[in-house]
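Report on one structure; see the data block that follows.
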Amino acid sequence: MKLKIKGKLPSYIKREEVRAIIQATNLVCDYHNKSRNPDVVTMMIENDIEKLGKNWLTGGNCWGWARWSDDSMALYGGIKEKNQFIAVLIHEMLHLCVRHKGGQERPTSTLNAKLQPMIISIANTLAKGV
């Protein structure tokens, strides 16, 4: 899977780390027979949170979105902490990998909470090249 990043990543995270997180998320989903395995994932970094729209569940601002039609996602570049950025990145990649019957946000958030430690561990290994 290839990764295209449009925009500037926050200074606290490197492109290699983002790529490792995306690959690890896809790997975990694939292991559970839930991945669509997109050939190319396009990730846009958006610095204007208003352009990301509203969260239909909470009514607040979105920190990201994912779109199946072209395997793209957008993340808010103004997220202050690395761990929050990683959580949103995993969440949006889970949207690209898994489609749930009914709603999308609650099951994806639940998966994120359960799988995030495993995904981060795999991503750390990938990023180190071990």
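Letter by letter, the sequence shown follows residues 570 to 699 in my numbering.
By construction, the Cβ of each residue, glycine as well, lies at the ideal position given by its N, Cα and C atoms.
Alpha-carbon spacing of residue i relative to residue j, whole angstroms
i: L695; j: I689; result: 10 Å
i: A656; j: W625; result: 19 Å
i: T679; j: N616; result: 27 Å
i: K577; j: K603; result: 30 Å
i: K583; j: A593; result: 15 Å
Candidates the options: closest to residue i by CA position
i: K623; options: R584, V587, Y645, I614; result: Y645
i: V587; options: E619, T627, G629, E661; result: E661
i: L665; options: E585, I591, I574, Y581; result: I591
i: P607; options: V667, M570, G633; result: M570
Residue i, buried or exposed, once every other Cβ within 10 Å from all chains shown has been counted against 16
i: G647; result: exposed
i: N595; result: buried
i: V609; result: exposed
i: Q653; result: exposed
Indicate whether the contact test is met: 3 or more Cβ pairs, each with one atom in the segment 617-637 and one in the segment 592-599, closer than 8 Å. no
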